[in-house]
Amino acid sequence: MARDTVETQFIQAVEALSAGVSRGAREPVREGTTLTGEEARRLFQFQLGSRLLDVAARWLREQNEGFYTIGSSGHEGNAAVAAALRVSDPALLHYRSGAFYLTRSAMADRLPEQGLRDVLLGMVASSKEPVSGGRHKVFGHPDLAVIPQTSTIASHLPRAVGVAFAIERARALGLQSPWPADAIAACSFGDASLNHATAQTGLNTASYATYQGQAVPILFVCEDNGIGISVKTPRGWVEAAAQRPGITYIQADGCDLAAAYDAARRAVRHVREQRAPVFLHLSTVRLMGHAGSDVESAYRTAREIRSDLERDPLVATARLLVESGQATADELVKLYESERELVLRMALEAARSPRLGSAREVMEPLAPRKADLIAKIAPVSAEPAARERTFGGALPERGKSVTLAQAINHTLADTLSVYPEMMIFGEDVAKKGGVYGITRGLQKRFGPGRVFDTHLDEQAILGLGLGAGVAGLLPVPEIQYLAYLHNALDQIRGEAATLSFFSNGAYVNPMVVRVAGLAYQKGFGGHFHNDNAIGALRDIPGVVIAAPARPDDAAAMLRTCLAAARTAGSVCVFLEPIALYHTRDLFDEGDGGWLAPYVPPNRWAETHVPIGRARSYGDGRDLTIVTYGNGLRMSLRAAVRLTQEGYSCRVLDLRWLAPLPIEDLMRSAELTGKVLIADETRRSGGVAEGIVAEMLDAGFTGAIARVTSSDSFIPLGDAAAHVLLSEEEIERAARKLLT
């Protein structure tokens, strides 16, 4: 294949090098550095391999055999960062980390060819690629503690901080972690990504925690090539933006292997010993453009491109080796040529390897839940004596029937007693017990190590959950209101939901996200406290969405979600209808129809609610009303009035909004032949759209109608009633179907 300017420049520059003062292999390659000749030679091999992977990526693309050309050229200095870390330090890497990956692979006593092959298999989307199985080209490997990331905008930083937090929290709680107690987390990103909100969240969370005296052993590595695709980063901006309380700033020339090596060792030593964050700023260059299709001359001058070529880190390391007598120029040129031939030959072999062949293969890691295992784990309770201590002798099943809020509170207490790795956190959840008292008393019973407040940042809250989950803990973060979840939805969409997919199940982040949501609050509300938009959640593959309406369902479904997270790494969103938290009555004031006894542990198995199973009320044969959440209470009330008039109705509570309970839905629909969907979400993008589509796809030929809330934001006060689904609308639509 033809050589481009970068390759030609490298050969010419190396051929022109002259030997200097010869130094021993175990001596520093130059005065003032700790990098020995032996180590420099070793790291050069990985830098060279990374460069040649970029060459191979472009060749594969030309042959229409490769699908990824964003390379690491100019960033080969990150080999020094890998060398400063341990193989057991979890690393979350951005897409220019070829030299880091090859270095770590070799540090794990793997053959050099193995690391190269890993990356090449990713480029050709081979199903034999060791981490994603052909689903994406990522740097990751379960044996190397490299957690695969697909983020291009530093959205992995909140998770990285969560990993660092979890390392310390697991040690404090005496729990097992995938990594040693003195491990540190490392994450890398580019200068342009530093400006993204998620990057700011990661840095701010580490700073905020450190400011309060908490240990956060994380190494932030900003590889600053001065440009984001085509937009230049202002000179001095990274240094200025990195200055934060509690975060030590260290800067070095990432094109100079010796300087990068010394800075990385200093940074890692500080993080490991002080258990405090460091921002390592490595100035780099970008060679070969942003990606294979990038035409740099469209936005960079010839002088700028030439200036970066002159700082080529591969040439700089070659100069170190030649001038210190570790190698001759001719030897390095021959090494380049022989390695180039090897890598291209391996690329050709990789292109012939198998690829994913079906939708089933592609989707296999998305939702590997085993219903029988969940059913076995969900009913497990603490020993009777432990439960007595948890509830202070006042076991909830011995008391009166409970509200939805009380059922969730008791279940959280019960499950905290069962799972020592379980943690509850979010804004106001500790001493206050949450806005609605759902977590009241839990911190007092289980301590601040397991129930604690966070600062006000939903991305940070979910990031802590993501890090804790991948570290083997069982996080239960709370998002105070559904509307606030949208501020951080990509932490579920782009991070939580994708991890098992892009690691072929090798990595999971079990998590149950409790969200106070939906509308109908009286005397309080407005858009941010009465949000009914869940469309953006429902289209995330693999995510479970639970929407309990009644106290007994909430308790059982929460246990199910926790069991699914614990056994299969499921990501669950537990959507709690705010307006039903403290509801007591169903028809008349004082009837207690919305209360339910708290089921004792010896009945948990028989009351287990599997994921994707609905609940039916009544045995009517004229009409099925399909609903969930607040709609359940309204539909039951409407159904009773219709029954009194001689109509025979049944109400189906979906309970699960993802996956939808299609079998139960179709069974009820076929029994009546007429279906009314009472959906409190919006008409466009609401749950009803999915239900109708599923029924039609399943071949339902009966009558279908739907009533929904309006396509509107929810206003304050009584005006909300004008745009929210009402009981009267349900009854009116039902009559229309029945007559």
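For the sequence shown, the numbering used here assigns the number 3 to the initial residue and increments by one for each residue that follows.
Ideal Cβ positions, reconstructed from N, Cα and C, are used throughout, including at glycine.
Residue i CB to nearest heavy atom of the ligand PLP below 8 Å
{"i": "residue 696", "result": "This structure simply doesn't include the ligand PLP, nor any ligand for that matter."}
Nearest candidate by alpha-carbon position, reference residue i, set the options
{"i": "residue 73", "options": "231, 635, 82 and 388", "result": "231"}
{"i": "residue 608", "options": "257, 491, 380 and 284", "result": "380"}
{"i": "residue 725", "options": "696, 702, 698 and 682", "result": "682"}
{"i": "residue 464", "options": "200, 733 and 437", "result": "200"}
{"i": "residue 641", "options": "626, 632, 630 and 631", "result": "626"}
{"i": "residue 15", "options": "727, 320 and 453", "result": "320"}
{"i": "residue 596", "options": "679, 407, 466 and 64", "result": "407"}
{"i": "residue 219", "options": "262, 240 and 173", "result": "173"}
{"i": "residue 350", "options": "128, 603 and 36", "result": "128"}
{"i": "residue 288", "options": "275, 267 and 310", "result": "310"}
{"i": "residue 29", "options": "327, 179, 247 and 532", "result": "327"}
{"i": "residue 63", "options": "385, 584, 729 and 295", "result": "295"}
{"i": "residue 634", "options": "657, 615, 644 and 412", "result": "657"}
{"i": "residue 498", "options": "575, 531 and 216", "result": "575"}
{"i": "residue 667", "options": "701, 283, 241 and 270", "result": "701"}
{"i": "residue 460", "options": "479, 257 and 284", "result": "479"}
{"i": "residue 598", "options": "616, 638 and 552", "result": "552"}
Chain-order list of residues whose beta-carbon lies under 7 Å from that of residue i (same chain, five-residue window excluded)
{"i": "residue 623", "result": "650, 673 and 674"}
{"i": "residue 492", "result": "157"}
{"i": "residue 54", "result": "341, 342 and 345"}
{"i": "residue 130", "result": "123, 355 and 356"}
{"i": "residue 388", "result": "419"}
{"i": "residue 67", "result": "126 and 353"}
{"i": "residue 9", "result": "57"}
{"i": "residue 298", "result": "291 and 307"}
{"i": "residue 243", "result": "196"}
{"i": "residue 508", "result": "133 and 144"}
{"i": "residue 457", "result": "210"}
Element boundaries [beta strand (DSSP E), containing residue i]
{"i": "residue 251", "result": "250–255"}
{"i": "residue 425", "result": "424–428"}
{"i": "residue 481", "result": "476–481"}
{"i": "residue 384", "result": "Residue 384 -> no beta strand (DSSP E), and no H or E assigned at all."}
{"i": "residue 619", "result": "617–619"}
{"i": "residue 454", "result": "453–455"}
{"i": "residue 191", "result": "187–192"}
{"i": "residue 463", "result": "It is not in any beta strand (DSSP E) - residue 463 instead sits in the alpha helix (DSSP H) that spans 460–472."}
{"i": "residue 625", "result": "625–629"}
Beta-carbon contacts of residue i that lie in its chain and below 8 Å, excluding the five residues immediately before and after
{"i": "residue 540", "result": "547, 659, 660, 689 and 692"}
{"i": "residue 418", "result": "392, 424, 426, 444, 447, 448, 452 and 453"}
{"i": "residue 806", "result": "With the chain covering 3 to 741 only, the question about residue 806 has no answer from this structure."}
{"i": "residue 26", "result": "39"}
{"i": "residue 567", "result": "471, 476, 512, 513, 514, 573 and 574"}
{"i": "residue 644", "result": "625, 651, 733, 736, 737 and 740"}
For residue i, the first and last residue of its enclosing alpha helix (DSSP H)
{"i": "residue 128", "result": "Counting along the chain, residue 128 falls outside any alpha helix (DSSP H), and DSSP gives it neither H nor E."}
{"i": "residue 419", "result": "406–420"}
{"i": "residue 444", "result": "444–448"}
{"i": "residue 8", "result": "7–17"}
{"i": "residue 375", "result": "373–379"}
{"i": "residue 206", "result": "199–213"}
{"i": "residue 730", "result": "729–740"}
{"i": "residue 583", "result": "Note, residue 583: premise wrong, no alpha helix (DSSP H); not H, not E."}
{"i": "residue 161", "result": "159–174"}
Chain C within 9 Å of residue i, Cβ atoms only
{"i": "residue 618", "result": "Note that chain C does not occur in the displayed structure, where there is just one protein chain."}
Own chain residues within Cβ distance below 6 Å of residue i, not counting five before or after
{"i": "residue 278", "result": "212"}
{"i": "residue 685", "result": "710 and 713"}
{"i": "residue 601", "result": "609"}
{"i": "residue 471", "result": "477, 511, 512 and 513"}
{"i": "residue 187", "result": "92, 162, 165, 166 and 220"}
{"i": "residue 136", "result": "127, 128, 129, 357 and 358"}
{"i": "residue 97", "result": "72"}
Can you give, in chain order, each stretch of the alpha helix (DSSP H) that sits fully within the stretch 511–574 and has at least 4 residues?
-> 537–540 and 553–570
Do three or more CB pairs link the stretch 99–113 to the stretch 137–157 at distances below 8 Å?
-> yes
Whole beta strand (DSSP E) runs in the stretch 227–285 with 3 or more residues, listed along the chain?
-> 250–255 and 280–285
In chain order, each alpha helix (DSSP H) run of at least 4 residues that lies wholly inside the stretch 639–711 = 664–674 and 689–699
Three CB pairs or more closer than 8 Å across the stretch 360–371 and the stretch 77–91 | no
For the stretch 292–361, which segments carrying the beta strand (DSSP E) assignment without a break, of at least 3 residues, lie completely within its bounds, in sequence order?
-> none
Any chance you could list the alpha helix (DSSP H) runs of at least 4 consecutive residues sitting entirely within the stretch 85–117, in chain order?
-> 100–109
Contact between the stretch 417–429 and the stretch 620–640: three or more CB pairs below 8 Å?
-> no
Could you name each continuous alpha helix (DSSP H) segment of 4 residues or more that falls completely within the stretch 57–89, going from the start of the chain to the end?
-> 80–86
May I ask you to verify whether the stretch 220–229 touches the stretch 272–287, counting CB pairs closer than 8 Å and requiring at least 3?
-> yes
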